[in-house]
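Asker: Handing you this structure, nothing more for now.
Residue numbers (our numbering): 127 to 653.
Shown next as structure tokens:
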């Protein structure tokens, strides 16, 4: 019997088309939506804003044009002291017919040096009011104007034969310096994204330390620290002030200040867009954080913050103690005793005038001195330079830069200006105490004076070891939560729950959705 075979149908064009269309067009989206929901939220990333042109410009202009003159006016009065004293002696003799005694001349000179610190302490408190009234950027303009005016007074003090102009100039540049150390660190850390906050925070102290070194170099006798050019020496800082003043109109105002203090969301959004120059999602994420900070600020106070309110708020006790103790401890560690009196210290150790000048500006490092060891002990006085330079090196690692910007890391925008003003006042006040008392300490205690400074530094170490939280990479609301129970807080043992963080991985999808809504709202308001 013959086999009867029937041909089986195969893959036809229509069957292939149907399978492909339904698989790709219908089944694939089902699996995609299942998979995308199960993907860890941390894989959905928002590009972090980095160093933009405006952020670099703001950091450069404020560091060179404002912070550097602060340090310059600290370091410049050390070496040419004798020359300026002689100028004061001649004026008093010519005007009053009596030659002042050595004690009277020392009192006049100490007053000229110290009036700078009095002005700085007053300026620190003024910075709290001005920063909220005219804005962070407005205070920068005031600082530049006062610094330039002071330089003019220094320059004309010798032609008009006036000691009074030296006093007024030092007072005004001190006031400008107090404003600078209060507002500049706050301004830069408010401009920076979280991961760059530490980098921008150290720019102000970096400018101050560069200014101190520059002042010490320019005041050397062979450069400007002589009887012919000392007015030029005192006023030379005006050059970077004028150059950087041209950049001030280009700088953005602090978006945090505009959003939280002035409640101007439109301008805050504009300034943040200019500043970040990044994707809209990243900008809107920051706007959401600002809204959270604004809500916290309004919840804590309905009238506005002031220094008095900051002092009585128990939740701010620990952050305020940290800021003020770090600022005061920075000075009571004795660093400015070195800056103000290093030349005298080196001379007392047996060094010549020239060697003292070189030691003051940091030249002649340890290796150079150890290379000239011999059987005699003629090199022993140079150990004082090694000790002083090592002391400054250790200071520069932590106690130098951190107190300047730690207030911006511990306080939300509302009380921030008042807290940083108090911290800056403590810094300049302690600076004044050291400048007035160190000569007496050196007279009665000699080198043992530095044991007192070491004791202060040790006490500060113990306090910060137990109460200073790690702020790196944390949002300000997290840090505030760690320190809001006063001295009962345990900032090193307690962590904010992950689900409370606005920028944690679990909330990224929510943030993306809210950022779109926020953008529509702001766009509508702008229109």
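We treat Cβ as the ideally placed atom computed from N, Cα and C, and that holds for glycine. It should be emphasised that the depicted structure is a prediction, and the values quoted were computed from it without experimental measurement.
Considering only residues of the same chain and omitting the five flanking positions on each side of residue 265, which have a CB-CB separation below 7 angstroms?
Answerer: Sequence index remark: in the chain shown, residue 265 carries index 139 (1-based). Hits under 7 angstroms: 253, 256, 257, 305 and 309.
Asker: What's the gap between the Cα of residue 138 and the Cα of residue 398?
Answerer: Your numbering for residue 138 matches position 12 in the chain shown. Your numbering for residue 398 matches position 272 in the chain shown. C-alpha separation (whole angstroms): 59 angstroms.
Asker: Considering only C-alpha positions, which residue in the set 439, 270 and 298 is nearest to residue 81?
Answerer: In the structure as shown, the chain begins at 127 and stops at 653. Residue 81 is therefore absent and cannot be evaluated.
Asker: Please state if the CB of residue 355 and the CB of residue 261 are separated by a distance shorter than 8 angstroms.
Answerer: To locate residue 261, count along the chain shown from 1; it is residue 135. To locate residue 355, count along the chain shown from 1; it is residue 229. Going by C-beta atoms, residue 261 is not nearer than 8 angstroms to residue 355.
Asker: If you draw a straight line from the C-alpha of residue 369 to the C-alpha of residue 190, how long is it?
Answerer: To locate residue 369, count along the chain shown from 1; it is residue 243. To locate residue 190, count along the chain shown from 1; it is residue 64. Each residue's alpha carbon lies about 9 angstroms from the other.
Asker: Please report how far the alpha carbon of residue 335 lies from the alpha carbon of residue 540, in whole angstroms.
Answerer: Translated into positions along the chain shown, residue 335 becomes position 209. Translated into positions along the chain shown, residue 540 becomes position 414. When rounded, the distance between both Cα atoms is 29 angstroms.
Asker: Decide if residue 199 is buried, meaning its Cβ has at least 16 other Cβ atoms within 10 Å, or exposed.
Answerer: Stepping through the chain shown from its first residue, residue 199 is reached at position 73. It is buried - the Cβ of residue 199 has at least 16 other Cβ atoms within 10 Å.
Asker: Which same chain residues end up closer than 6 angstroms to residue 274 when comparing Cβ atoms and leaving out the 5 residues on each side of it in sequence?
Answerer: Indexing the chain shown from 1 puts residue 274 at position 148. So the list reads 364 and 367, once near-sequence residues are dropped.
Asker: Taking the alpha carbon of residue 351 as the reference point, which residue from 209, 248 and 463 has its own alpha carbon closest?
Answerer: As a working note, residue 351 is residue 225 in the chain shown. Considering only alpha carbons, the answer is 209.
Asker: Run through the region 556-632 for me and flag every whole alpha helix (DSSP H) of 4 or more residues, listed as ranges in chain order.
Answerer: Qualifying alpha helix (DSSP H) stretches, in chain order: 575-593 and 602-608.
Asker: Taking the alpha-carbon of residue 568 as reference, which of 554, 534, 460 and 607 has the nearest alpha-carbon?
Answerer: Within the chain shown, residue 568 is the residue found at index 442, counting from 1. Checking every option, the nearest Cα to that of residue 568 belongs to 460.
Asker: Out of 378, 233 and 458, which one is the CA nearest neighbour of residue 182?
Answerer: Sequence index remark: in the chain shown, residue 182 carries index 56 (1-based). When each option's Cα is compared against that of residue 182, the closest is 378.
Asker: With the cut-off set at 8 angstroms, would you say residue 386 and residue 545 are in Cβ contact?
Answerer: As a working mapping, residue 386 is identified with position 260 in the chain shown. As a working mapping, residue 545 is identified with position 419 in the chain shown. In this structure, residue 545 does not lie closer than 8 angstroms to residue 386 by Cβ.
Asker: Can you have a look at residue 312 and say buried or exposed, based on whether 16 or more other CB atoms are within 10 angstroms of its CB?
Answerer: To locate residue 312, count along the chain shown from 1; it is residue 186. That one is buried.
Asker: Using a Cβ distance threshold of 8 angstroms, determine whether the region 441-455 contacts the region 547-565, with at least three qualifying pairs required.
Answerer: Judged by Cβ distances under 8 angstroms, the region 441-455 makes contact with the region 547-565, as three or more pairs qualify.
Asker: Measure the alpha-carbon distance for residue 326 versus residue 221 and round it to whole angstroms.
Answerer: Counting from 1 along the chain shown, the entry for residue 326 is found at position 200. Counting from 1 along the chain shown, the entry for residue 221 is found at position 95. Their backbone Cα atoms lie some 50 angstroms apart in a straight line.
Asker: Should residue 361 be labelled buried (16 or more other beta-carbon atoms within 10 Å of its own) or exposed?
Answerer: On the chain shown, residue 361 is found 235 positions in, with the first residue counted as 1. Burial call: buried.
Asker: Alpha carbon to alpha carbon, how far is residue 443 from residue 585?
Answerer: Residue 443 sits at position 317 when you count from the first residue of the chain shown. Residue 585 sits at position 459 when you count from the first residue of the chain shown. The alpha-carbon atoms of residue 443 and residue 585 are separated by roughly 18 angstroms.
Asker: Report buried or exposed for residue 445, applying the criterion of at least 16 other Cβ atoms within 10 angstroms of its Cβ.
Answerer: Taking the chain shown and counting its residues from 1, the one referred to as residue 445 is at position 319. Buried: at least 16 other Cβ atoms inside 10 Å.
Asker: Closest to residue 618 by CA distance: which of 419, 593, 602 and 610 is it?
Answerer: To locate residue 618, count along the chain shown from 1; it is residue 492. Of 419, 593, 602 and 610, the residue nearest in Cα terms is 593.
Asker: Please classify residue 681: does DSSP put it in a helix, a strand, or coil?
Answerer: With the chain covering only 127 through 653, there is no way to say anything about residue 681.
Asker: Is residue 234 near the ligand NAP, going by C-beta to nearest heavy atom under 7 angstroms?
Answerer: By its list of ligands, the structure shown contains no ligand whatsoever, and the ligand NAP lies outside what it can speak to.
Asker: Just to confirm, are residue 193 and residue 330 a CB contact at a threshold of 8 angstroms?
Answerer: Stepping through the chain shown from its first residue, residue 193 is reached at position 67. Stepping through the chain shown from its first residue, residue 330 is reached at position 204. Yes.
Asker: Let's see if you can read the secondary structure: which residues bound the alpha helix (DSSP H) around residue 223?
Answerer: Mapped onto the chain shown, residue 223 falls at position 97. Segment: none, residue 223 is in no alpha helix (DSSP H) and carries neither H nor E.
Asker: Should residue 341 and residue 201 be called a contact, given that it needs their Cβ atoms to be closer than 8 angstroms?
Answerer: Within the chain shown, numbered from 1, the residue matching residue 341 stands at position 215. Within the chain shown, numbered from 1, the residue matching residue 201 stands at position 75. Yes. Within cutoff.
Asker: Got a sec, what are the start and stop residues for the alpha helix (DSSP H) residue 344 sits in?
Answerer: Within the chain shown, the letter at position 218 stands for residue 344. From DSSP, the alpha helix (DSSP H) with residue 344 extends over 329-344.
Asker: Hey, how far is the Cα of residue 228 from the Cα of residue 293?
Answerer: For the purposes of this step, residue 228 is taken as residue 102 along the chain shown, with counting starting at 1. For the purposes of this step, residue 293 is taken as residue 167 along the chain shown, with counting starting at 1. Rounded to the nearest angstrom, the two C-alpha atoms are 19 angstroms apart.
Asker: With distances taken between CB atoms, is the gap from residue 422 to residue 597 smaller than 8 angstroms?
Answerer: Residue numbering aside, residue 422 sits at position 296 when the chain shown is read from its first letter. Residue numbering aside, residue 597 sits at position 471 when the chain shown is read from its first letter. No, these two residues do not count as a Cβ contact at 8 angstroms.
Asker: Sorted by chain position, which residues of the same chain lie with C-beta nearer than 6 angstroms to residue 353's C-beta, five sequence neighbours on each side aside?
Answerer: Against the chain shown, residue 353 aligns to sequence position 227. Result list for residue 353: 209, in chain order.
Asker: On the three-state DSSP scale, how would you describe residue 285?
Answerer: In the chain shown, the residue the question calls residue 285 occupies position 159. Three-state result, residue 285: coil.
Asker: In angstroms, rounded to a whole number, what distance separates the CA positions of residue 187 and residue 339?
Answerer: Here residue 187 is taken as the residue at index 61 of the chain shown, counted from 1. Here residue 339 is taken as the residue at index 213 of the chain shown, counted from 1. Near 19 angstroms, if we compare the C-alpha coordinates of residue 339 and residue 187.
Asker: The alpha helix (DSSP H) that contains residue 195, what's its start and end?
Answerer: Within the chain shown, the letter at position 69 stands for residue 195. Taken as a continuous stretch (DSSP letters only), the alpha helix (DSSP H) holding residue 195 covers 194-201.
Asker: Under a Cβ-count criterion, where at least 16 other Cβ atoms within 10 Å of its own Cβ denotes burial, should residue 455 be classed as buried or exposed?
Answerer: Stepping through the chain shown from its first residue, residue 455 is reached at position 329. Buried is the call here.
Asker: With DSSP collapsed to three states, give me the class of residue 137.
Answerer: Translated into positions along the chain shown, residue 137 becomes position 11. Of the three classes helix, strand and coil, the one that applies to residue 137 here is coil, per DSSP.
Asker: Flag residue 598 as yes if its beta-carbon sits less than 8 angstroms from any beta-carbon of chain B, otherwise no.
Answerer: Of the chains in the structure shown, none is chain B; there is only one protein chain.
Asker: Please state whether DSSP places residue 259 in a helix, a strand or coil.
Answerer: Stepping through the chain shown from its first residue, residue 259 is reached at position 133. Residue 259: helix per DSSP, three-state reduction.
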